[in-house]
Structure formats: C-alpha cells, structure tokens
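This report concerns only the one structure given below.
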Amino acid sequence: MILAKDLPCFPSFLPSFLPSFLPSFHVVLEARVKQLQAEADNVSEVAFEKVHVSRTSWTSFLRLGLLQREAVPGLTCNEPFPKSNTQEATKPSRWKEKLKREKMIKHKRELRLEAKFSISTQTVLKDLAAAQNQVGQSRAREPARLKPAQGQALKPAQGQALKPARGQALKPAQGQALKPAQEQALKPAQEQASKPAREQASKPAREQASKLQNDAQVAEVRDPSAEKCPAGLPQGSPAPGDLQKHVVSLQKAPAETAGRYRNAQLTLLAYLDACIFLKQLDRAQQCLMFYHRSLKRQKQLDIHAYNLLLHAYAKQGSLHEVCFVFSLLEQAGLEPNRDSYIAALSCMGRSDAATFITSRCLKQLEESHICLEDLFRDSVLEDDEVEMALKAIRKVKPDFSPSLPHYLHETCTIPLIQNFYTKNDVSYPKLNFTVQELQEKFQKQLAMESSDTVAIDSVEAGKPVTNYVVQARKQLATLRSQWQASLLQSLWKSKLHIGQRKSGPNLLPFLCLLEDKVYVDILAASQIPPQGESLTTFARDLGTKVFNKYTLQKKSRSRVVEKMQQVYKGYVQLLAKDSKPDNLLPREYWEQLATEAGCSPSLFKQELPWPHSLLVQVGLHLVELLVQELKMQSNLLSPGLEQRLIPVLYHVYSFRSGRQIGFIKPHPMLTRLLLNAAETTLTFDSYVIPTLCPPVPWVSPHFGAYILSSTRLMRSVEEAAQHQLLLEQVPRSDLFPVMDALNQLGNCPWRINGAILDVIVSLFNDKGDEKLGVPPPPSEAPQPLRCLPDGKPLGQLALKREMARCHKKAMEMHSLRMNGLYKLSIAQHMRGQTFWFPHNMDFRGRTYPCPPHLNHLGSDLSRAILSFAEGKPLGPHGLNWLKIHLINLTGLKKKNSLQDRLCYADEIMDDILDSADRPLAGKKWWMNTDEPWQVLACCMEIAQAVRSPDPAAYVSHFPVHQDGSCNGLQHYAALGRDTVGAASVNLMPSAVPQDVYSGVAQKVEEFRKLDASQGSKIAQVLEGFITRKVVKQTVMTVVYGVTRYGGRLQIEKRLKEIDDFPPEYVWEASFYLVQKVFHSLKEMFSATREIQAWLTESARLIAKSGWSVEWVTPLGLPVIQPYHRSRSIMVSPKGEAEEGKEGRKEGRKEGRQAGRQAGRQAGRQAGRKEELSCHTPSSKDPVAASVGSSDPVSVLLCVRQIARGCPGITGGALQPGGAGTPQLSLTI
C-alpha cells in the first residue's frame, strides 16, 4: 500500500494539467510499488529511469574540501575514448599515492575526533519523525497552510510543538526504501509519546550509543545503496545538538551558514553546471536528489542549485521535470524566486502549454508576493528565455509589456557628489577616432579575447641565430611534438581509467568540458621556472586556465557575443568624434542601449566560480599527466652517455618558513635546452594585454572592463569572498561614483614612446644595467667565492652561506629579467597602436589598471615607455611646465620654488639636449637622477619642442605629473590638526615647497651626529650616507603600518645600492637607522603617531571581538579588511573536560615552579648589598617582609614575585660576595 505522504508534492499549478502526463506519472508509481516489494523480499533494489535511484555503491566525500566522486558511466565527451580494449589505465605515481595516504590519515583522525563528541544522526531522525507525526495530525485539521517566507521555514508559535519545514519530515524519498530507524520513527504519535524524552535522556551514554550503532548496521544491511553518495560530492555534517537546536539550524538564513558550507556549495554548483553543460540532466538531477533526501546534506542546497536544473529543463521544454523541481523546492522549505518563475514561464512558452496552466502559474506568482512587472527587472537571462516567458504570459495577458528597468531612474544619493550628477548641457568628451575606426578596433579586441591567448615576439628576437641555436630549437620542437601526442593519449587513457573506476576521485565531467586538444595546449603553454614552482600554485593556475577556457566557451555558444556586438555598436556613438554629442556618462549610455536592446546592462549572468579545492584538484590531475608522460633521452645534450629515458619534471619537497611544500621542478637538462634554443615567441593570456578598443563600462560589480574575459570590480585576496558579497548588497546607486571614476580612467587612450623603447631594448639586449632598472640576464649572476681575499679557503659553513646567497641572487635576477622581458615585449607588440587600460580597484578603493605587466602605475621604466595617444598644443606656458616637471623628476631642487626650478632648467639646457641626442654616448647626465628614464623621455620632449618652429603650437603627448607630498602623512596631519606636520607636507602656506623626506633625513642626521660624538661606532660609519633616498620609502610606508622589521629591510636595500658603503655594516646600520627614522617621525608628527596608535588599538579590539574592521568611504564604497590569522584549537570531548582542566592546572603549577627556579637563579646572579628576611604568613597577603637595610625597596621588588605564591620560602639574605659582588640567598 502506498500512502499519500510517500508521493512527491507538486506545485499548486500542477493538478490542472496532471492528465497530460499521467502515463509518465504512472510509471513513477509503479516503480515505487516495485521498490517496496523488493525491500520486503530483502532483494536488491531496481533502478528505473524516472525514479533516478542509482545502483552504484557511491563513496563518501572526504572532509578536505577536495572533489571525490564516482565515475559517470556513459558520460559523453567532446573527444571520444579510445576504442581499444587492450589499453592499460594510467597508474598514479608514487608521490601521488603519498599525497593520498597523507590525506587518508588526516581524514581518519578527523573521523575519530568527530566520533568522540558527535551525536548520532539516527537519534535526530527519530525525534524529527515523532514531531512530524504529531504535526501531521494537527495539520489535517487546519483550514489552510501558511506559506513560509522566501528561503525560510515556519517558526513555531509560543507553546506550540516544533514543526520542521515542509519536505524535511522523515518521509522516504522517491525511489528510496524505508530504513529501520525511519520505520521506528514513523510509528503513531501515541506510541512515541509513551517514551518520554526524559526517560531516553536518563539512559547511560554507552548503552544508547551501542543501540544506535546496531540500528545503523541493520539499516545498512537492509539497504546498502540508499545513502551512498553519487558523484562523491561534499557532505556537510550538522553541528551536534538536541532536536530543537538542529531544527533551528535548518531554518537559518543562507547568509548565516554560507561561510561554513561555502566551499561545498560552490563545488556542488560547479558539478551541476558541468553536468548541464554536457547535457547530462539525469545525472544532475540524481546528484540534486541525493542532497535533497538527507536533512544534514540538504543544508548545502540553496535556491541556486534548484534554479540551475530548472533553467536546464526549461530550455528543453520539459514541463513535467520543471514541475518536479518545483515540488522539491516546496519540500525543502524554499520559496521560488524570480529566477525560478522565469524558468517555469519560459518552459511554458517553449512547450506551448495550455492557457490555464500559465494562469495558475501567474496566480501562484502573485501569491508569492512577486510583482509581474518586477519579474524582468535586472534579470540577466540567457538565449531566448525572455521571449519564451513573454510568449507564455501574453497568452493570458495579451497587452503585457515589461516596464522600463528601474536603474534608468536611479540617482546617486551620496551628499558629497550629488551636484555632480545634475544634468547640464556639457557633453561627454569625444575621442579622436571615427565610428568606423572604433568598430574595427572592437572587432580586433573581440577576436583576441575569443582566442583567449596572444602570441607575440620577444624583444630578444633581434639577436643573431647560430647553428647551435637552430639545432637546439629543432630538438625542442621534436620533443614537444612527441610530448603532445603522448599527453593526448595519456589524457584519453586517464578518462577511460576514471570511467572504469568504481570508487575514488572522479573528475570526468570537468575533463570533458573542453576538447582534449585544448587541455593539451594548456599544458604545452605552461611554464615552470628553473628553480621550480609550488605544486599547489602550479595546479591552481592550470585549473584556473581550464575554468577560463570553459567560461569563454559557454559565452561563445550563447547569444552573449551577438548582444555585445549590438550594444557596443551603439556605444561608440558616445565616444566617436563624428557622432552627435551627448551629456550621458558611459555607464548611463550603456544602460540605455541595453534597455533598448531588451536585455540587462550586464548582458550575461555572473559565472559560477570554481572553489579553490576544485581548481587544485583539476590542476593536480593535469600535473600528474605532465610528470608521468614528459620524458627525454638522457644523452640528448651529451651523446657519449648511456641512452635511457628520464623524466623531464620531478616532484620534490622543500621547506618554506618551517613548512614542507611540494614543488614541481624541471630537469636541469631541459632548462639548459631552453636556454640554448633562445625562443623568441611569448604567449600571454588575452586579459593581460592592454585592450585595443575602449573598455566596456562598469555597470555592476561583476560586469565591465573586457568583452568576454571575466573580471571583478574589486580585487581581493585568495578565498576572500566577503568583498564581492558586500558589493552585491550595497544599493546600486551608491556604486555609481566608483564605477564612473573607473570608466573615466579606462577611456584614456595611450601609445608607446618608440624612441625611449629603442634605447631600453638596446640596453636590455646588451647585458642590461641594474642601476637604471634594466635587469641583466642570469648569466651575469655572481658566482660564489671559494677563497678569502688573503687566499685562504672558505670554511664549510661559510661556503654554504655564500652559495645560498648566490643562489638567491640568481633567482631574483631571473625573476626580474622575465618581468622586464614581458614588459618590453608587450610594449614592442603594441608599438604604433592606440590602446586602453581597463581599471578596477582593491578592497580599499585604490584604482589599478587590469593589465599587470605594462601600465602607467608601474616602475620608472614603464612610465617612460608610455605617453598619451591624444596630444595637445603646449600653448604659451606649456614648455615651462615641461621644464619644471623635468627638474621635479631629477629630485635635485626639492626645496626650491617653481621659478628657481625653471631657472635651473635653463641653466642646464646643454645637458638636457645632450641627453636627448646621445643618451648612451654623451655626458649621460640623465643617468644620475632619481627617475632616469622619465628624465630622458622629458629631455627628448623638450628638445623637440624647443627645436620646433613655434613651441607654443607644438603638439605634445608627454604626461606631466602633479604628485602630492606624502599623501598618507597629509591625511594624518589634517585629522590631528598637526601644524608642524602639516607644514612639512605642504598643507600650510609657505614661500618654498617643503620636502618631508629631506626633513626626516635631516632630523636623523642630527641624531647621528649626537651619537657619533658620544663614541657610537655605527653612527660614525654612517657619516655622509644618510640621504633623502635612504629614508624615503620607510617614511612613505610608515603611515600604512610598516613595522620596524619591514622598515629595516627597506633601508638595508637602499644601503646595498650605495657602492661606497661597507657591506659588513649593512645590517647594523639599517637597524640603527630604522630606530632613528621612527623616533624622528614621532617628534615631527606627534598627533599623527597618536592617531595611528588609536586606530591600531581600535582594530585590535574589533578583531578581538570576532569582527573585521569595516568602514564606508566618502564616495559610498564599503570597505572591509580581508586580513585574518588562522589558529588551531584542540576541542576536547565532554568526558575529557575535567582531565583537561586538571592538565592545565598541572601545567600552570609546573610553569610557576620553573619560573621560581629561574627567578632564584637570576637573583643569585644579580645579587644585592642589602640584607632582608621575609616570610609568608597564612593571610591572603602573599608576602610580608621585614627588611634591615638602608635601601631595601629594589631588593624587595626583585624577589616579591618569587615569594608570591611560594609558601616554601621562609627567609632570605643578601651578603657581600667576592670582590664586593653581592649574593642573594633564599631559605626554602
């Protein structure tokens, strides 16, 4: 007999059209009857297509956050598996087995710890079922059932029994057999009432635990596959507690539990999304049902997981499946949201459902308090979902038309800039490009982002190619061809091996998202430095590349590209010089165009991110292929050696900060071969290259900057998701100032300064120049000294330190060389083109260009290469400003007036022109300045201007800077009304500009002279070396929280750059100077240091209370500090609590004894000339002393802590020792 409660609950609009799919529903009922009969006969259950119950024995998810799931038989891939049955599966290597063994040991420890204090789930299930039976009887008498709020179950009224959310009662799920624990729970309420909770609670803990264990074993024997995990996805463990606490935890809002289950939820959503992308809807539904059936696993499900499946079924027009997912929502106590109803309506429009079906759906929509007008507002839908939904709605309401989005009427409410958004007749500035030119640039950028990577020529391509280089390149090309074929075959085998496995890790869906060749291309483009790369970092990078390729492929298959082309075609009308002027901002213009096109301004949905654990797991699988398959001949470079295959990559372990870290390191032979080949082609991701067209304006926290590449409005550290969540919760109008500022910065066009680039490239290919910021090649790295200057060999320890120093220096030089190579190669690639820098910001609100290698906020070399694409005539005063800017860059006249600087520029005009004409062969005056490359660029610009027929009409593209005077100190001085500090940072009127760095250097020099006069050796050594440049970085960063340790490293680096400074005094001198710099700042900026100390203490107290430091900027941007310190805490079970207390008492007692012993030893060493006697009375005062000496206070303070808490001390005495040295003795 099948009870009504065993049937799935369908939404209210289902019964009206139930006869249309009654045959299919009959199959479900028949399957349920057969399953119950099979259980009664104690036979294995049978899986039916509509029931979605798997026969496979699923593995449980390891609580390490890594993806562990079973094979997916029959999963279709873009690339077919090998048809040969004789192929062997790829076996994991030894280091992979070692990692798995370590994870399993850690997992077993966690299970043992959890078993000590966790409460069995069976007890909670029984109590919940008993409460559900009582609720079921009272619910039958209720006239109507109240619907819970969205995403929240009904809370019990005062004095009423707890009612679990609908669908969370202990009913057997569809196609699932009853367990003994559930059968016991489903007895009538009267039988359950005969066993009060008090009687159950009074039983001994061991007896109850034994009974629960027996029940669990019987349940597993009767139904071995009912609770096995499909796909091995993460399982959440509810916190132990009684029935009331457990039910309340299930009714909590998702935001309260998002932190705990975020990683598991993201992994689940990523798995569902991958299955849907591969058209494996049955597999996705099976996974969803596994989590839906269990109360403890149901916590990891939210409305987004159900909506993913809803949209997938809606695209197929499967109305029956859509209704079934709606029933699951009702069972889970979740209210459908706007996205859910849009999926249902689009399915009805696609399947041409009857009118009365749509009417009932709209009625339920109205009952859920969702306005039909708001259904399409701010909704980012894919393909033709809007059209299909409107088609279904207009069958009921023919005249319905969605209203204009409300964002067109939103206005910024920030008081500081309300007047800025007041519309006037000022039009947005135009670019010096036509509509046709901007559209052509857009097509080039779209093609570059569609390919996802860009191959450019290296600046080292101009070097002569010898026969030795040609031979090395041929060998490398042959190896790569072999490696690609081997990797392709190995990837096929690994997929076959995963598909045949019955347990263990399973990444098959994520390895089928792309073509096999794409995975191999990702591996072929990966680069590992000679010193190796962290295994986790390398694996995460590979997983990130796979995810980026996947998201790009999803967008390419949808209508996103078509929508983007349509909207951007109209967007260029705002920027082109041959279009009509408009007073709208780029964001406002884009929103208007998107509304006219019938889509959201964001155009496409925010991508579901893959969690860090999933990225690493996918990357580890690819790294495994690299380590196993990449091999080369051992005699490739030395033909005389024995020929054998050796691995190209090795997995090794190294210690970093006391932790053992796995590294992937290339074989030295491969490093040598790459060096000999001197390849001239570099491959970059498309998003690290400046854009070829104006960036897409920011219109939301997750849409803007690039056409197809995804980027965020706010940067954040790894795994810090609170920033993005915070931005999503802020009213959209409050982000208008921030987004409009970023859009304005991004719309500035740039170009390459070819003259400066040629000079830098020539110096770069000629061994570089470390002083000028041009990194030399690794061949110029210093070699370790094996002998002292006097000819004596170095000792073993000294030689080891010398080799470590040289190795560190070589790695630093290689890193700097690669950075310079990337920067110059990108600049060479962009030569002659106009490009733009999309911008975003960090969590503080500071703006940065998105391209990381080459931008205008980089080093002196990067800034010198760039110039504005649009020039302006100098006018009558422009040349003077160029001269003043040149002197500012030199750092020579910091305390002189602007007129004095202008006069000085005229005095050295010969040096300026000589530097412009012969930068590497002349006087080289520009090389001895603070910013040499920018000085050289300015010299060339001045030379061209003064030699032009009319300097006032000369069109200049050179950027002239106006920098603040240590902005951090300026803010602090203004906050503290510090007049002395304000004068040092130019916040007070002054005849000449002030330079705070020179002031601090002068103050430190005064301290140094005083110490030198008193005989300080290090102060005497530092004479003549305390300059503005030495202290500048420390002064500049002290307001940002730099410590004395960090400041010492900064000063140490500056001292090493001075050739004449003795290297043996670097550490001592940097330690001395950082103390004096902090002391000088404390005297010069007293209020600043007080405010900084107050802020530091406030942050400490806020963090101690368990919160992060948060604030809102004057522009309305919410800021939250992402810094957290992890700490491990040992949790003891309740039975061991008393033992833990006793252990802590014993520990404190031993600590006091050790402290007293150390104190006695210190007292004997220190001694005093006085005598004293003390004893400890029985009163609460621990010390009572009688002292017979002239000055006993100091002695009493020394031994008071020893005597306190030590009743064994009966007396003590101070007696003169040898040579007048006093000795302290205590009587114990």
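For the sequence shown, the UniProt record's numbering gives the first residue as 1, with consecutive numbering after it.
Virtual Cβ for every residue (Gly too), placed ideally from N, Cα, C.
All figures in this text were calculated on a predicted structure; none of them were measured in a lab.
Quick check on residue i: does DSSP put it in helix, strand or coil?
i: Ser733; result: helix
i: Tyr904; result: helix
i: Gln643; result: coil
i: Gln1075; result: helix
i: Gln796; result: helix
i: Leu889; result: helix
i: Ile1120; result: strand
i: Ser534; result: strand
i: Ala705; result: strand
i: Lys1032; result: helix
i: Gln280; result: coil
i: Cys787; result: strand
i: Ala255; result: Interpretation of Ala255 is limited by its pLDDT of 37, a score under 50 that renders its predicted location unreliable; the figure taken from the coordinates is listed afterwards. Here Ala255 sits in helix by DSSP.
i: Val955; result: strand
i: Val520; result: helix
i: Met632; result: strand
i: Arg338; result: helix
i: Asp769; result: strand
i: Pro873; result: strand
i: Lys809; result: helix
i: Val774; result: strand
i: Gly619; result: helix
Residue i and residue j: beta carbons closer than 8 Å?
i: Ala1001; j: Ser990; result: no
i: Pro697; j: Asn743; result: yes
i: Phe1007; j: Ser867; result: no
i: Phe837; j: His856; result: yes
i: Glu591; j: Val699; result: yes
i: Lys767; j: Pro778; result: no
i: Glu449; j: Leu708; result: yes
i: Ala284; j: Leu272; result: yes
i: Leu542; j: Ser526; result: yes
i: Leu861; j: Gly754; result: no
i: Ser815; j: Val459; result: no
i: Gln445; j: Leu692; result: yes
i: Tyr1072; j: Ile1120; result: no
Tell me, to the nearest whole angstrom, how far the beta carbon of residue i is from that of residue j; I am working on the premise that it is less than 8 Å.
i: His577; j: Phe433; result: One detail in the question is off: residue 577 reads as Lys in this sequence, not His. At roughly 7 Å, the Cβ-Cβ gap stays under 8 Å, so Lys577 and Phe433 are in contact.
i: Thr358; j: Val396; result: 5 Å
i: Ala751; j: Ala869; result: A small fix is needed here, since residue 751 is Arg in this sequence, not Ala. Arg751 to Ala869, Cβ: 4 Å. Contact.
i: Lys1056; j: Val1066; result: 6 Å
i: Leu608; j: Leu269; result: 5 Å
i: Leu416; j: Leu920; result: Not really, about 50 Å apart at Cβ, beyond 8 Å.
i: Pro1122; j: Glu1110; result: The pair is not a contact, with the Cβ atoms about 11 Å apart (cut-off 8 Å).
i: Arg1100; j: Phe1078; result: With a Cβ gap of about 19 Å, Arg1100 and Phe1078 do not count as contacting.
i: Asp734; j: Ile414; result: 7 Å
According to DSSP, which residues form a beta bridge with residue i?
i: Met841; result: Met714, Thr847
i: Trp836; result: Thr691, Pro749
i: Thr478; result: None, per the DSSP bridge assignment.
i: Phe868; result: Trp750
i: Trp1111; result: Val1119
i: Thr453; result: Asp685
What I want to know is whether the C-beta of residue i ends up closer than 7 Å to one or more non-hydrogen atoms of the ligand ATP.
i: Pro919; result: Of the ligands one can find in the structure shown there are none, so the ligand ATP has no counterpart to examine.
Within the region 643-702, ranges of the alpha helix (DSSP H) (whole runs, at least 4 residues) = 668-677
Sequence ranges, alpha helix (DSSP H) only - wholly within the region 960-1001, length at least 4 | 967-976, 979-984
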